[in-house]
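Notes follow once the structure below has been shown.
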Amino acid sequence: MKQTSRTTGDLGITSAPSSWRSHYDQLHATAVEALAAAVLATDDDGRELDFGDFLGSVLTTVAANVGSVGRLVAARPGSWEASRVRDLAGGDMADAEWLAPYRTAPVVVPLNIAAAIERMGRCESYRLTAEEAEDAVRERAIDAGVSVAEYRRRNGVPTVGSRWIPLIAKTYIDEIDEIDVRYGAAVESGTDPDRAQAEYDHEADALNRKWERRYRLYADSFGSFVRSKAAQIGLDMKLVQLKVVTNPAALSGVPQNPSLYGGDAIVATLWETAFEKTPTSFLTLELDQEL
Numbered sequence: 506m507k508q509t510s511r512t513t514g515d516l517g518i519t520s521a522p523s524s525w526r527s528h529y530d531q532l533h534a535t536a537v538e539a540l541a542a543a544v545l546a547t548d549d550d551g552r553e554l555d556f557g558d559f560l561g562s563v564l565t566t567v568a569a570n571v572g573s574v575g576r577l578v579a580a581r582p583g584s585w586e587a588s589r590v591r592d593l594a595g596g597d598m599a600d601a602e603w604l605a606p607y608r609t610a611p612v613v614v615p616l617n618i619a620a621a622i623e624r625m626g627r628c629e630s631y632r633l634t635a636e637e638a639e640d641a642v643r644e645r646a647i648d649a650g651v652s653v654a655e656y657r658r659r660n661g662v663p664t665v666g667s668r669w670i671p672l673i674a675k676t677y678i679d680e681i682d683e684i685d686v687r688y689g690a691a692v693e694s695g696t697d698p699d700r701a702q703a704e705y706d707h708e709a710d711a712l713n714r715k716w717e718r719r720y721r722l723y724a725d726s727f728g729s730f731v732r733s734k735a736a737q738i739g740l741d742m743k744l745v746q747l748k749v750v751t752n753p754a755a756l757s758g759v760p761q762n763p764s765l766y767g768g769d770a771i772v773a774t775l776w777e778t779a780f781e782k783t784p785t786s787f788l789t790l791e792l793d794q795e796l
């Protein structure tokens with residue numbers, strides 16, 4: 506039974522229903538009204554609507570608009586209701602590319618170039634020194650909740666480690682930090698503060714222009730691959746847009762890159778394809794270099 510207020514204990518204190526409950530009730534009523542109208546609808550010849558087909562189409566479009574069938578049943582994926590919903594929305598074959606043609610909501614692909622740069626690299630194996638091996642045993646023993654001796658007895662001593670080798674040797678942050686260090690050293694050495702500030706501003710401005718050009722070129726290429734993949738999987742191209750900030754010094758408004766896990770799988774598919782194909786050489790060009 507729908508409640509409009511409740512009493513707390515014997516104190517006679519009443520409180521309004523929660524905003525979430527009100528929102529839920531409104532969503533429920535809207536859905537019931539729309540579905541009931543579909544059940545009662547008839548075509549021009551008086552034939553009733555195939556409600557099962559209609560409901561399946563609705564759920565498929567909803568799945569496409571939120572990015573995956575999994576998001577429809579994320580709250581309770583193992584329930585029998587979830588199983589039925591999953592089947593109606595396309596079942597096992599309804600991956601991101603299968604759902605794409607049904608999408609009616611905007612497809613906003615975010616691009617955080619600084620975060621993308623952090624992913625550009627490779628893992629390299631290398632031989633551990635004796636000291637590094639002992640450090641590794643100690644860290645792994647702590648993680649496993651056992652003594653160093655016990656970990657060594659179970660697993661021995663590691664001989665090989667791995668490290669991440671960045672593809673872009675120096676990022677914007679690395680270079681602006683170097684300018685900051687030079688500015689601080691100049692001031693400490695007695696350089697006139699106005700002169701030191703002017704030199705800092707000149708270097709920082711040149712650096713910002715260089716990296717903004719790099720970001721813009723990378724974003725333009727990234728966007729072209731997003732659009733190419735979107736067209737390939739049947740998305741309505743009017744819905745597709747890239748959200749990016751090309752000012753490397755921006756501290757706000759910079760979007761977060763999507764994840765393949767738990768989010769909008771259609772957006773993530775476009776992003777991952779573009780990330781794989783966009784040349785990283787755009788991020789190493791100097792200002793005076795031609796493309």
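If you count the sequence shown from 1, position 180 lands on 685 in my numbering, and the numbers rise without skipping. Ideal Cβ placement from N, Cα and C applies to all residues, glycine included. Quick caveat, the model's predicted, so the values are computed rather than measured.
*Going along the chain, which residues of its own chain have a beta-carbon closer than 8 Å to the beta-carbon of Thr761, five neighbours each way excluded?*
Just to set this straight, residue 761 is Gln in the shown sequence, not Thr. Counting only Cβ-Cβ distances below 8 Å, and skipping sequence neighbours, we find Pro615, Asn617, Ala620.
*Arg632 lies in the beta strand (DSSP E); which residues open and close that run?*
626-632
_Bounding residues of the beta strand (DSSP E) (the contiguous stretch that carries Arg715)_ = Here residue 715 turns out to be Lys, not Arg, going by the sequence shown. Careful: Lys715 lies outside any beta strand (DSSP E), inside the alpha helix (DSSP H) at 698-737.
*What distance in whole Å lies between the Cβ atoms of Pro671 and Glu717, which are believed to be in contact at a cut-off of 8 Å?*
The pair is not a contact, with the Cβ atoms about 21 Å apart (cut-off 8 Å).
*Which full runs of the beta strand (DSSP E) of 3+ residues lie inside the stretch 617-698, going along the chain?*
626-632, 665-671
*Among the residues of its own chain, which have a CB less than 7 Å from the CB of Arg645, if the five just before and after it don't count?*
Tyr656
*Determine the DSSP secondary structure at Val745, reduced to helix, strand or coil.*
strand
*Is Leu604 near the ligand HEM, in the sense that its beta carbon is under 7 Å from a heavy atom of that ligand?*
This structure does not include the ligand HEM; it has no bound ligands of any sort.
*asked:* Within the continuous alpha helix (DSSP H) that includes Asn570, where are the two ends?
replied: 556-571
*By how many angstroms is the C-alpha of Ser527 removed from the C-alpha of Gly514?*
Residue placement at Gly514 is flagged as unreliable, the pLDDT there being 45, under the threshold of 50; the coordinate-derived value follows with that caveat. Their Cα atoms are separated by approximately 22 Å.
_Tell me which residues share the same chain as Arg628 and place their Cβ nearer than 8 Å to its Cβ, disregarding the 5 neighbours each side in the sequence._
The sequence shown places Cys at residue 628, rather than the Arg named in the question. These residues qualify, in order along the chain: Ser667, Arg668, Trp669, Ile670.
*Using CA coordinates, which residue listed in Pro663, Pro606, Ala649 is at the minimum distance from Leu633?*
Pro663
*Burial state of Val544, where buried means 16 or more other Cβ atoms lie within 10 Å*: exposed
*How about the stretch 761-777 and the stretch 786-793: do they share at least three Cβ pairs that are nearer than 8 Å?*
no
*Best match in Leu722, Asp685, Asp699, Val745 for proximity to Ala709 [C-alpha to C-alpha]*: Asp685
_First through last residue of the alpha helix (DSSP H) which encompasses Val772_ = 770-782
*Evaluate contact between the stretch 743-753 and the stretch 606-614, counting only Cβ atoms and requiring at least three cross-stretch pairs below 8 Å.*
yes
*Spell out the partners DSSP gives Val798 in its beta bridges.*
Because the chain in this structure spans residues 506 to 796, residue 798 falls outside the shown range and cannot be described.
_Under the three-state DSSP convention, the category Thr751 falls into_ = coil
*Could you tell me which residues DSSP pairs with Thr547 in its beta bridges?*
Glu553
*How would you label Leu756, buried or exposed, when you count the other beta carbons within 10 angstroms and need 16 or more for buried?*
exposed
*Taking 8 Å as the cut-off, decide whether the C-beta atoms of Leu554 and Ala541 are in contact.*
no
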